[in-house]
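As structure tokens, the structure follows; a few thoughts come after it.
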Amino acid sequence: MPPASKRKKHVVESDSDGSDVEVEHVERNDRILQKVDPEYLNKPIDLQQGSAKIKLIISSLTALAKDLMTGEETVLNTASEMAELLNEDYKDEDMNEEKWLKALLENEIMSQLEEDFRALIDRQAELKIRAKTLGELRDRVHQGHPVADVAKLFEQRAAEPLSQYRAKTVRQRFIDNERYVEYRHLVWESFTNGSAVPPVKKFLPREDNDEQSDDEDIELGAETTTYRCPITLTVLEDPYTSTVCPHAFSGYAIKELLQQGHGITDCPETGCSKRLTASTIKPDEGLARRVAAYKRRVKEGRTQTGTQAKTYQRMDLSDEDDEDEEDEPMEGPALKKKIKQQAAE
């Protein structure tokens, strides 16, 4: 494989104010795994300290999972802001769902961001499998079961669930993944000024192992999100969502209702018969992010899309030294021309 400096290419964008938007990317994202899979997972574990060492590895995996979550947040925010930026190229065009979808899926930058996000989700899933396997091994040690080779047993037990996960199609891995669904909603609404979000399957190509009936479900209507709190009748603030019905509320408002009802209340959404308690509502960071994007869209005179997209660099996970590589970002009109070329391709 050629060195990273040869595989890397440089793409630069600009917003309407001429600010630089730098996006560096590499050809593939599989190198993420090389960074998040610690080599010590395959090193022999001293059986006399097996339980303690397994616990230490689990803690390390947990820390890695947090790092991956931070990466997800970075990509998520970047994708939302980049989508808002690219929206400017279509503000004078007559767009419908099909045209929006085509423009989004064919945009190189947005495709790269989604690829990064999916890769991070995959690594999260694989880390959870490893952590679960290690937890089971620790339980065996605690229970006094003889373990001849902890490292070997770990590899054997993790191999099958990892293989099963990796054998899944793109749809099977992401269709019901909450983080991916959040990504799709946020990016689509940012790109299309809040139009109804198509079914997630429209963003995931059908593969041979997907059921034939999968594509039939695509014809279901697009989903429109309302950001109005049914209690205050204003835009959601610090949104909480119900775990027993698909409704959301401003945090302070639903908490006040629960307090007035001594810990229980009917769902305030008209027509909903569910009963809510403090244990059936939870803060929704994903929805809070979408509400913030919604407020930006409706703010009169909005021209600035934020700073995240201007500094995002795709993860270069190779071990090559790129200090000698010089970046030569485009500026001004050249940047705007580059964005329009992306949209036209």
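As numbered in my numbering, the sequence shown has no gaps in its residue numbers, which increase by one up to the final residue, 357. Backbone N, C-alpha and C define an ideal beta-carbon position, used for all residues, glycine too.
- Task: Kindly indicate which residue of THR181, MET107, GLY273 has the alpha-carbon position closest to the one of ASP220.
- Result: THR181
- Assigned secondary structure, ASP79 (DSSP; H/G/I helix, E/B strand, else coil): helix
- Message: Strictly by DSSP, which residues pair up with VAL247?
- Response: Its beta-bridge partners are ARG240.
- alpha helix (DSSP H) runs contained entirely in the region 255 to 314, provided each spans 4 or more residues: 263 to 272, 297 to 310
- Alpha-carbon spacing of LEU248 relative to ARG302, whole angstroms: Taking the straight line joining both Cα atoms gives about 10 Å.
- Measuring CB to CB, does VAL199 end up less than 9 Å from ALA300? Between VAL199 and ALA300, the CB-CB gap reaches or exceeds 9 Å.
- Evaluate PRO210 with the Cβ neighbour count: other Cβ atoms within 10 Å of its Cβ, from every protein chain shown; 16 or more gives buried, anything less gives exposed. buried
- Task: Alpha carbon to alpha carbon, how far is THR253 from LYS286? Give it in angstroms, no decimals.
- Result: 13 Å
- Message: Which same chain residues end up closer than 6 Å to LEU80 when comparing Cβ atoms and leaving out the 5 residues on each side of it in sequence?
- Response: LEU132, ARG135, GLN136
- Query: Between the beta-carbon of ARG309 and the beta-carbon of ASN205, is there less than 9 Å?
  - Reply: yes
- Task: Using only alpha-carbon positions, find the residue among LYS78, PHE261, PHE203, LEU165 that is nearest to LEU116.
- Result: Of LYS78, PHE261, PHE203, LEU165, the smallest CA-CA separation from LEU116 is found for PHE203.
- Please report the residue range of the alpha helix (DSSP H) in which GLU148 lies. Element bounds for GLU148: 120 to 154.
- Pull up the DSSP beta-bridge partners for TYR252, would you. Answer is PHE261, PRO295.
- Item | Nearest-angstrom beta carbon gap, LEU146 and ILE66 [assumed within contact, 8 Å] | Yes, they are in contact, since the Cβ atoms of ILE66 and LEU146 sit about 5 Å apart, within 8 Å.
- In terms of residues, what are the limits of the alpha helix (DSSP H) holding TYR102? TYR102 -> no alpha helix (DSSP H), and no H or E assigned at all.
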